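Peer 1:
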Ligand code: ADP
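Numbering (our numbering), first residue to last: -5 to 320.
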């Protein structure tokens, strides 16, 4: 028979995302509701290795649901890649009697959790916290909705000035390996073109379209580029200016503003549901899975499956961009 989980450790790891606090709150309060003890582990796996762990009470998570960032702080830990580092982490957990873990982070954090759960008898539950939405098996990840809405607000503002001067703007949004922020924010702001890492960028087509649009006096253009696109905003602007004489191009790189800010209603809601579900998983002995939501239902996916698969960009959406921006 599986051991009963009585003491939970919760941590946030890897890239931070808005809504992580709402998830921490849900884990702590659901754990306490079930008469468990809950411990907050600082700075992801680093705090586990250093023993930077504190007991959480209901009031420890008061007034945080609306705050961006993470009260537990986040980090990347080189030591956790080593068996010695993970052993140290395990010893720190056992000293406190922690016998279940909730890891809020991206696929890297899940990879670490999978290895840790295989090496030691501590079940791990992952909650997908990433602005990139690049984890397959869930319709939502905590932080994506906030990040994409921040991008939309910023792109709308850029469009105002682009419109005043009849300008072409290239706006770079986050997404090193994933184009979801670019795709969603680009469609929502009426971008003329959206470039994503998942798809080869057809530079000839971009030039041809811009020339054709200039020919019919459509001068205001917004191209949204994910940072992981093969060219990126700077390179793309150089190519366009070289290839189209007289074409001015302005660049705007949105950067880290997309990670911060108060989480949207949707992010708070999914973080609360997922945090609650994580504790339920530990109670029901549903171990070493991450929590996803598909068609509004909770799904529990083995941690190793989060690692192998990435979400695919919907080709029809790319077609919509082209049709609606013509
Ligand atoms: P994210 O969780 O946002 O994808 P990272 O990929 O940086 O972020 O992963 C966060 C942390 O998870 C790493 O710093 C490391 O401590 C741990 N981790 C990632 N991959 C592994 C692995 N293969 N083995 C052990 N730990 C890992």
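For each residue, glycine too, the CB sits at the ideal point set by N, CA and C.
A quick note: this is a predicted structure, and the numbers were derived from the prediction, not measured.
(1) If you compare alpha carbons, which of 56, 162, 110 and 36 is closest to residue 47?
(2) Please determine, among 62, 135 and 108, the residue with the shortest C-alpha to C-alpha distance to residue 293.
(3) Please name the residue in 299, 261, 304 and 283 whose C-alpha comes closest to that of residue 20.
(4) Can you tell me where the beta strand (DSSP E) with residue 215 in it begins and where it stops?
(5) Go ahead and label residue 122 buried or exposed: buried means 16 or more other beta carbons lie within 10 angstroms of its beta carbon, across all protein chains shown.
(6) Excluding five sequence neighbours on each side, which residues of the same chain lie with their C-beta closer than 8 Å to the C-beta of residue 255?
(7) Using a threshold of 9 Å, state whether the C-beta atoms of residue 79 and residue 253 are closer than that.
(8) Do the region 176 to 193 and the region 302 to 319 meet, that is, are 3 or more Cβ pairs less than 8 Å apart?
(9) If you run the structure through DSSP and keep just helix, strand and coil, what is residue 322?
(10) Have a look at residue 173 and residue 57 and give me their C-alpha separation to the nearest angstrom.
(11) Can you tell me where the alpha helix (DSSP H) with residue 73 in it begins and where it stops?
(12) Name, in chain order, the residues that DSSP records as bridge partners for residue 257.
(13) Should residue 69 be listed as close to the ligand FAD, given that the test is whether its C-beta is under 8 Å from any heavy atom?
(14) With distances taken from CA atoms, which of 211, 209, 110 and 16 is nearest residue 282?
(15) Determine the contact status of residue 215 and residue 230, defining contact as a CB-CB distance below 9 Å.
(16) Quick one: what's got a C-beta closer than 7 Å to residue 65's C-beta in the same chain, skipping five residues either side?
(17) In the DSSP assignment, find the alpha helix (DSSP H) that holds residue 155 and state where it starts and stops.
Peer 2: Answer, in terms of the structure:
(1) 36
(2) 135
(3) 261
(4) 215 to 220
(5) buried
(6) 12, 62, 140 and 144
(7) no
(8) yes
(9) Nothing can be reported for residue 322, as the shown portion of the chain is limited to -5 through 320.
(10) 33 Å
(11) Run containing residue 73: none; DSSP gives neither H nor E here.
(12) None, per the DSSP bridge assignment.
(13) You won't find the ligand FAD in this model; what it holds is the ligand ADP.
(14) 110
(15) no
(16) 15, 18 and 58
(17) 138 to 159
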